[in-house]
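Worksheet: one structure, shown below.
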Amino acid sequence: MRWFVWGTIPIGALLGGIIGTNLGLREALIIGGIGGSFAFVPLLFGPVWRIKEMPTGVAEK
């Protein structure tokens, strides 16, 4: 999981640089803000809302 999260940072930096160079700093920040505001979408469609009670951990031996 850490690889997935940390691995996307260089890709985002590269895309941000390309957008900032081609469109301008203000537009790049607006696009980044809009994209960041959709970070909650996977939670809406994931299993989080179907959890009715806290799952119990594995019993220790």
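Following this note's numbering, the residues of the sequence shown are numbered contiguously, the last one being 61.
Cβ atoms here follow ideal geometry from the backbone N, Cα and C, with glycine treated the same way.
The model shown is predicted, which means the values in this text are computed figures rather than measured ones.
- Close CB contacts of A28 within its chain, under the 7 Å cut and outside five residues either way in sequence, are with G16, I19, G20 (chain order).
- Shown here, P55 sits in coil according to DSSP, grouped into three states, outside any helix or strand.
- When only Cα atoms are considered, R50 and N22 end up about 43 Å apart.
- Annotation: the continuous alpha helix (DSSP H) that includes V5 extends over 2-23.
- Where P42 is concerned, the enclosing alpha helix (DSSP H) starts and stops at 41-45.
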